[in-house]
Amino acid sequence: MLNKTKDRYGSRTPKTKNSYRKFPMNENIKSVLLDYKKWHDEIMETYKFRNPDGYVFITNDGDPIGERYLKRIIDLICEREEITHFTPHYLCHTFVTIQLSNNIPISTVAALVGDTPETIYKVYAHSFEKDEVHASNLMDDIINLSSFEKSEEIE
364 MLNKTKDRYG SRTPKTKNSY RKFPMNENIK SVLLDYKKWH DEIMETYKFR
414 NPDGYVFITN DGDPIGERYL KRIIDLICER EEITHFTPHY LCHTFVTIQL
464 SNNIPISTVA ALVGDTPETI YKVYAHSFEK DEVHASNLMD DIINLSSFEK
514 SEEIE
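Using my numbering, the first residue of the sequence shown is number 364, and each one after it goes up by one.
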């Protein structure tokens, strides 16, 4: 259950009622996260470090990582890989775009990311362009089929 958020202002309750949500986790992701946590805990144990709260991603102080920490890691990767600009929030955009492009209902995507369908429409309108082209082509196909059927009737 997602019931807390952490940003540059610290840990707090979410801003909106939509931010309180359950996010289903599939077994593959769960396995990767648990394997990482086990590996990290084993390494930290050699330093007599404990993780009593059971967080998966933590700083050297044992606190859950925040936005700045994640941003710094991403900046280092971008520098190494010569990527010009990337923020942690792009991961959310990528998730939403992938979901929408695979025809996941907007209401479902909105619920998963803690937004409203209206916000999804507004922010991700570009994702719907292919649907608009498809809808236009569908109407064109229907009109062509109708014209073809009429020409057969005339003959």
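In this text, a Cβ means the ideal position worked out from N, Cα and C, and glycines have one as well. Small disclaimer: the values here were computed from a predicted structure and weren't measured.
Alpha helix (DSSP H) runs contained entirely in the stretch 376-425, provided each spans 4 or more residues
390-408
Helix, strand or coil for residue 480? Go by DSSP, reduced to three states.
Counting from one through the sequence shown, the residue named residue 480 turns up at place 117. Looking at residue 480 - three-state DSSP - the assignment turns out to be helix.
Answer yes or no: do residue 430 and residue 451 have a C-beta to C-beta separation smaller than 9 Å?
For this step, residue 430 is matched to residue 67 along the sequence shown. For this step, residue 451 is matched to residue 88 along the sequence shown. For residue 430 and residue 451, yes; Cβs fall inside 9 Å.
Determine contact between the stretch 468-481 and the stretch 375-383, defined as no fewer than three beta-carbon pairs at a distance below 8 Å.
yes
Do the CB positions of residue 461 and residue 483 come within less than 9 Å of each other?
Position 98 of the sequence shown, counted from the first residue, corresponds to residue 461. Position 120 of the sequence shown, counted from the first residue, corresponds to residue 483. Cβ atoms of residue 461 and residue 483: not closer than 9 Å.
With respect to the alpha helix (DSSP H) encompassing residue 444, which residues constitute its N-terminal and C-terminal limits?
Mapped onto the sequence shown, residue 444 falls at position 81. Taken as a continuous stretch (DSSP letters only), the alpha helix (DSSP H) holding residue 444 covers 430-444.
Nearest candidate by alpha-carbon position, reference residue 374, set 411, 414, 406, 427
Numbered from its first residue, the sequence shown carries residue 374 at position 11. When each option's Cα is compared against that of residue 374, the closest is 427.
Identify the residues that DSSP records as bridge partners of residue 460: which are they?
As a first step, residue 460 must be located in the sequence shown, where it is residue number 97. Its beta-bridge partners do not exist; DSSP assigns none.
Report the rounded CA-to-CA distance for residue 497 versus residue 505, giving the unit in angstroms.
Here residue 497 refers to the residue found at position 134 of the sequence shown. Here residue 505 refers to the residue found at position 142 of the sequence shown. Looking at the two C-alpha atoms, the distance is approximately 12 Å.
Residue 463 to residue 472 span [Cα, whole Å]:
As a working note, residue 463 is residue 100 in the sequence shown. As a working note, residue 472 is residue 109 in the sequence shown. Each residue's alpha carbon lies about 8 Å from the other.
Can you check whether the CB of residue 421 is closer than 9 Å to the CB of residue 403?
Along the sequence shown, one-based indexing puts residue 403 at 40. Along the sequence shown, one-based indexing puts residue 421 at 58. Cβ distance < 9 Å, so residue 403 and residue 421 count as in contact.
Could you tell me whether the Cβ atoms of residue 459 and residue 486 are closer together than 9 Å?
Within the sequence shown, numbered from 1, the residue matching residue 459 stands at position 96. Within the sequence shown, numbered from 1, the residue matching residue 486 stands at position 123. Contact flag set, yes.
Are the beta-carbon atoms belonging to residue 416 and residue 425 less than 9 Å from one another?
As a first step, residue 416 is located in the sequence shown; it is residue number 53 there, counting from the start. As a first step, residue 425 is located in the sequence shown; it is residue number 62 there, counting from the start. Going by C-beta atoms, residue 416 is nearer than 9 Å to residue 425.
I need the DSSP call for residue 450, collapsed to helix, strand or coil.
Here residue 450 corresponds to residue number 87 of the sequence shown, with the count starting at 1. Three-state DSSP puts residue 450 in coil, outside helix and strand.
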